[in-house]
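Position 246, counted from 1, in the sequence shown is what our numbering calls 246; the numbers after and before it change by one each time, with no gaps. The beta-carbon is built from N, C-alpha and C at its ideal position, and this holds for glycine as well.
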Amino acid sequence: MNQSKYQVIAEDIRTKIATGTYPQGTAIPPELKLQEDYGVSRHTVRQAIAVLVNEGLLRKEKGSGTYVDNQPKQEDASKAKSEHKTIGVITTYLSDYIFPSIIRGIEQTLRSKNYSLLLASTNNDYAAEKECLQKMIDQGVDGLIVEPTKSALYNPNLALYVSLRERGIPIVMINAGYEELNIPHICVDDVAVGYKATECLIKKQHKNLLFVTKTDDLQGKYRLKGFIEACEAYEIRFSEGDVITYTTETRGQVIDQILARLSKKDVTGLVCYNDQIANLLATELIEQGYKIPADFSIVGNDDSTLSRVGSIKLTTLSHPKEEMGKDAANWIVRTIETGVPEDSICYTPVLIERDSAKEI
């Protein structure tokens, strides 16, 4: 089939509604029966139903089933299409680091398409995320752009996301995704981030490396994978002590951990999870009398404003912040207007060499 399976099923159900096989106000067959009839998975059936719910042809009633809704008249459909729609945007943070640029890209694009934006942040906390999601449901948003909370760990809010999807509300995730859910995402190739940052130092003849990463977000997990792949490719040995990890809650202690490790090991090059950690580390080392990169070479990530301030400009990896925001906004608008979810988007990072890494 040229069309996706769920699109074929949705089209067949549309035809049955139009011809009266499924009369208005009556329930369509249950999901299990549709699975058997079409020979597909439950997820595929739910995708098809979500498209038709979004079109207003079907409505789901919890604990009862899925019903053929009253078909809108042509003039009502045109009116509905022109009505102002609202997109919910949930990020871990609003005013910190790279997030203002991402949000700016989202807001500019949505405004140009006559969509409103409802903004919320979780501070990377599950309870706050639950409140944000409930707020979006209560406000009746037409679509959601979400940065996951602690994406590397089990999230107790997964059922809420499933509920939103069953309501026919399209969702796209940015920077990462939840591995348990098949939700499209827009992110940087974080394995490549870890690999290229590590390779940069290896090519400058650094053999004693320290990798600093965050473990409660998938980005950190994938960047660590890239670090390991680069070390294996270039036959660089590393031990357990050559990887320092932290979480959202322990971020405040990670610089002290790194400094303690540097005092004990013959480290020459450091790969940091992001520019935020790299900038804090470089600042602290300089205050202690070290020179960057003469004593230590440091590579950050995200090409944030922090990589370009201070006495040392950081070597870093690119992150298409505003472009990501625009792409996420365009993704959600097109999906709402067509009823068909688009594919995920993955950006390839580019190494940006500045002053914080030298050849030895």
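query: Output the distance between the C-alpha atoms of residue 230 and residue 268, rounded to the nearest integer angstrom.; result: 17 angstroms
query: Indicate whether the contact test is met: 3 or more Cβ pairs, each with one atom in the segment 237 to 256 and one in the segment 160 to 175, closer than 8 angstroms.; result: no
query: Of all the alpha helix (DSSP H) runs that stay within the bounds of the segment 249 to 295, which reach a length of 4 or more residues?; result: 254 to 262, 275 to 287
query: Out of curiosity, what's the CA-to-CA distance linking residue 205 and residue 179?; result: 36 angstroms
query: Indicate the three-state DSSP secondary structure (helix, strand or coil) for residue 174 in the structure shown.; result: strand
query: Alpha helix (DSSP H) containing residue 102: first to last residue?; result: 99 to 112
query: I need the straight-line Cα distance from residue 86 to residue 10, nearest angstrom please.; result: 25 angstroms
query: Apply the 10 Å Cβ neighbour rule to residue 362 and answer buried if 16 or more other Cβ atoms are within range, or exposed otherwise.; result: Nothing about residue 362 can be reported from this structure: the residues present for the chain run from 1 to 360 only.
query: Alpha carbon to alpha carbon, what distance is there between residue 270 and residue 296?; result: 7 angstroms
query: For residue 342, which residues in the same chain have their Cβ closer than 7 angstroms to its Cβ, ignoring the five residues on either side in sequence?; result: 184, 331, 334, 335
query: Are the CB atoms of residue 315 and residue 353 nearer to each other than 8 angstroms?; result: yes
query: What residue does the beta strand (DSSP E) around residue 298 start on, and which one ends it?; result: 297 to 299
query: Contact between the segment 58 to 69 and the segment 27 to 35: three or more CB pairs below 8 angstroms?; result: yes
query: Our contact map puts residue 169 next to residue 146 with C-beta atoms below 8 angstroms; I'd like the distance itself, whole angstroms only.; result: Contact doesn't hold; Cβ gap of about 11 angstroms is too wide.
query: Could you tell me which of 214, 7, 21 sits nearest to residue 40, measuring between CA atoms?; result: 7
query: Do residue 215 and residue 207 count as a contact pair if the criterion is CB distance below 8 angstroms?; result: no
query: With DSSP collapsed to three states, give me the class of residue 307.; result: helix
query: DSSP has residue 115 in a bridge; who is on the other side?; result: 85
query: As an exercise, report each continuous beta strand (DSSP E) stretch of at least 3 residues that is fully enclosed by the segment 319 to 356, in chain order.; result: 345 to 347
query: In the DSSP assignment, the alpha helix (DSSP H) including residue 191 goes from what residue to what residue?; result: 190 to 203
query: So, does the segment 316 to 323 touch the segment 252 to 262, judging by three or more C-beta pairs under 8 angstroms?; result: no
query: Taking DSSP's pairing of strands, which residues face residue 120 in a bridge?; result: 90
query: Go through its chain and collect everything with a Cβ distance to residue 49's Cβ below 7 angstroms, but skip five positions before and after it.; result: 58, 66
query: By Cβ distance, which residues of its chain are closer than 7 angstroms to residue 360, with the 5 residues on each side in sequence left out?; result: 204, 205, 206, 268
query: Following the continuous alpha helix (DSSP H) through residue 183, name the residue where it begins and the one where it ends.; result: From DSSP, residue 183 is part of no alpha helix (DSSP H); its letter is neither H nor E.
query: Taking just the CA atoms, how far does residue 278 sit from residue 285?; result: 10 angstroms
query: Please report the distance separating the alpha-carbon of residue 324 from that of residue 20.; result: 44 angstroms
query: Considering only the alpha carbon of each residue, which of 110, 88, 153 lies closest to residue 144?; result: 88
query: Applying the criterion that 16 or more other CB atoms from any shown protein chain within 10 Å of the CB defines a buried residue, is residue 365 buried or exposed?; result: Summary: the structure shown does not reach residue 365, with the chain confined to residues 1 through 360, and so no result is reported for it.
query: Would residue 311 and residue 275 qualify as a contact pair, given that the criterion is a beta-carbon distance under 8 angstroms?; result: no
query: Of the residues 211, 232, 162, which one's Cα is nearest the Cα of residue 223?; result: 211
query: What span of residues does the beta strand (DSSP E) with residue 59 cover, start to end?; result: 58 to 61
query: DSSP has residue 211 in a bridge; who is on the other side?; result: 243, 271
query: Can you tell me whether residue 47 is buried or exposed, with buried defined as 16 or more other CB within 10 angstroms of its CB?; result: buried
query: Please go through the same chain and pick out, in chain order, the residues whose beta-carbon is closer than 7 angstroms to the beta-carbon of residue 340, but skip the five residues on each side of it.; result: 7, 51
query: Check the C-beta distance from residue 226 over to residue 190 and give it rounded, since I have them as a contact under 8 angstroms.; result: 7 angstroms
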